[in-house]
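Visitor:
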Amino acid sequence: MTASRFSSLAFDPTIDARFMALALALGRRGLGNTWPNPAVGAVIVRNEPHGPLVVGRGWTQPGGRPHAEVEALRRAGAAARGATIYTTLEPCSHYGQTPPCADAIIAAGIARVVSALDDPNPEIAGEGYRRLRARGIAVVTGIGAEEARRVHDGHIRRMHDGRPHVTLKLAVSADDKAGLAGRRPAAITGEASRECVHRWRAMHDAILIGIGTALADDPLLTVRLPGMAQRSPVRVVLDSALRLPPDGKLARGARDVPLWILAAPNAPEERERALRAQGAEVLHVDGGDGRRDPAAALNLLAARGITRLMIEGGPTVAAAFLTAGLIDEAILLRSSAVLGPDGIDALEGLPLTALTASPHLHSRGTKTAGKDTIETFERI
Numbered sequence: 000m001t002a003s004r005f006s007s008l009a010f011d012p013t014i015d016a017r018f019m020a021l022a023l024a025l026g027r028r029g030l031g032n033t034w035p036n037p038a039v040g041a042v043i044v045r046n047e048p049h050g051p052l053v054v055g056r057g058w059t060q061p062g063g064r065p066h067a068e069v070e071a072l073r074r075a076g077a078a079a080r081g082a083t084i085y086t087t088l089e090p091c092s093h094y095g096q097t098p099p100c101a102d103a104i105i106a107a108g109i110a111r112v113v114s115a116l117d118d119p120n121p122e123i124a125g126e127g128y129r130r131l132r133a134r135g136i137a138v139v140t141g142i143g144a145e146e147a148r149r150v151h152d153g154h155i156r157r158m159h160d161g162r163p164h165v166t167l168k169l170a171v172s173a174d175d176k177a178g179l180a181g182r183r184p185a186a187i188t189g190e191a192s193r194e195c196v197h198r199w200r201a202m203h204d205a206i207l208i209g210i211g212t213a214l215a216d217d218p219l220l221t222v223r224l225p226g227m228a229q230r231s232p233v234r235v236v237l238d239s240a241l242r243l244p245p246d247g248k249l250a251r252g253a254r255d256v257p258l259w260i261l262a263a264p265n266a267p268e269e270r271e272r273a274l275r276a277q278g279a280e281v282l283h284v285d286g287g288d289g290r291r292d293p294a295a296a297l298n299l300l301a302a303r304g305i306t307r308l309m310i311e312g313g314p315t316v317a318a319a320f321l322t323a324g325l326i327d328e329a330i331l332l333r334s335s336a337v338l339g340p341d342g343i344d345a346l347e348g349l350p351l352t353a354l355t356a357s358p359h360l361h362s363r364g365t366k367t368a369g370k371d372t373i374e375t376f377e378r379i
């Protein structure tokens, strides 16, 4: 082992944690933009006499490739030889549409690999580490694992459970209402909260609503922050009878931002043709559109590559997924406005405590956004 190769192994846990934090921050850039692949970050570091030096950085590119490790190696060039690579997920070891990252790391002469998390993909599942160790590369695992599990929650959920990681977003008034009488929409939260919603959309692969919300609100469901329109996720509508108007905002924008409509197998064919003519995709779910069997809808979405799903639907859809135990995270935006006793409850047929006091979810804390408060919950 050469002196330069040996020196690259002389990192301590504090330094490892520091550079893994950088890799995790880089990986988060790809959230919502790399499906069906995970949003990985990678950093290549040389241990120079004056201290550690970053010589390459990378993150999974749009559409899932090139992978983060390959991007970092490309930027590092010859400086990668004898260096350490920090990666937020085990380097892949199988041939997909690109060669394995483990082989690229070996060919580049990397001396040490620090990985936050084992890859749950059964095609990898430790094989990446075995391949690296077999070539004499030191492998350290588990650095930054807790945060890496959050970043890769969609990939993990899809591999383990065959469904996306599901985040429920609810906007409620001070009296726990989500809309006005007659299911009329109401502007509940302020501008600061709405900006947060657009950022969350950009970090998810898809947004899901029910046909009730689609008809009442005629929404766009895009990311409307400066310079981020291209980060708009797939729009998914649960619509068993295909009542979505072909001339509504969602259908008219289907050629610009993907629109998937989940319908019953016996949905009217003429309505399906009209929506397909606008560029929408109609997907059939056995037993309905997914509201009666939310798990079936999620399985279908996962099969098409969706790893992170945000539910922005109304009270009926929110209650259906909550009752089915399929909510992994929840974001509760609460305003100080009061809508009154005739307003629509936030959860159809359920008190809001079914979410806030659920034995399956716990609060991660509350913050403010303008005049609103935002409380987040996660699966226990």
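Under numbering that gives the first Met the number 0, the first residue of the sequence shown is numbered 0, with each subsequent residue one higher. Don't be surprised by glycine CBs; every beta carbon is placed ideally from N, CA and C. In this text the structure is predicted, and so the values were computed from the model without any measurement.
Drop a sphere of 10 angstroms on the beta-carbon of Ser362, count the other beta-carbons inside from all chains shown, and report buried for 16 or more, exposed for fewer.
Guide: Ser362 comes out exposed.
Visitor: With DSSP collapsed to three states, give me the class of Phe376.
Guide: Strand, per DSSP.
Visitor: Starting from Trp199, trace the beta strand (DSSP E) in both directions and tell me its first and last residue.
Guide: Where Trp199 is concerned, there is no enclosing beta strand (DSSP E), although the alpha helix (DSSP H) it sits in stretches over Glu190 to Ala201.
Visitor: Classify Ala186: buried if its beta carbon has 16 or more other beta carbons within 10 angstroms, exposed otherwise.
Guide: With fewer than 16 other Cβ atoms within 10 Å, it is exposed.
Visitor: I'd like the list of long-range same chain contacts for Glu347, defined as Cβ closer than 7 Å, with 5 residues on each side in sequence excluded.
Guide: If we look at Glu347 and ignore the five residues flanking it on each side, its Cβ neighbours are Pro314, Thr315 and Ala318.
Visitor: Give the list of continuous alpha helix (DSSP H) stretches no shorter than 4 residues that lie fully inside the region 82 to 156.
Guide: The region 82 to 156 contains these whole alpha helix (DSSP H) runs: 100 to 107, 126 to 133 and 144 to 150.
Visitor: With 16 other CB atoms within 10 Å as the buried threshold, where does Gly252 fall?
Guide: Label assigned to Gly252: buried.
Visitor: Per the DSSP calculation, Met227 is bridged to which residue(s)?
Guide: Met227 is not bridged to any residue.
Visitor: Taking 7 Å as the limit between beta carbons, can you name the residues of its chain near Ile206, skipping five residues before and five after?
Guide: Same-chain partners within the cutoff: Arg200, Leu220, Pro232, Arg234, Val235, Met309 and Glu311.
Visitor: Using 8 Å for Cβ pairs, my map puts Val54 next to Ala79. What's the rounded Cβ distance?
Guide: Rounded, the Cβ-Cβ distance is 7 Å, consistent with contact.
Visitor: Helix, strand or coil for Asp344 per DSSP?
Guide: Strand, per DSSP.
Visitor: Excluding the 5 residues preceding and the 5 following Ala75 in the sequence, name in chain order all residues of the same chain whose CB lies nearer than 6 Å to its CB.
Guide: Within the same chain, Ala75 has close Cβ partners Ile43, Val54 and Gly55.
Visitor: Just how far apart, CA to CA, sit Leu332 and Asp238?
Guide: Going by the C-alpha atoms only, they are around 26 Å apart.
Visitor: Let me know the secondary structure DSSP gives Ser362 once reduced to three states.
Guide: Three-state DSSP puts Ser362 in a strand.
Visitor: If you draw a straight line from the C-alpha of Gly135 to the C-alpha of Leu167, how long is it?
Guide: Whole-angstrom Cα-Cα distance: 45 Å.
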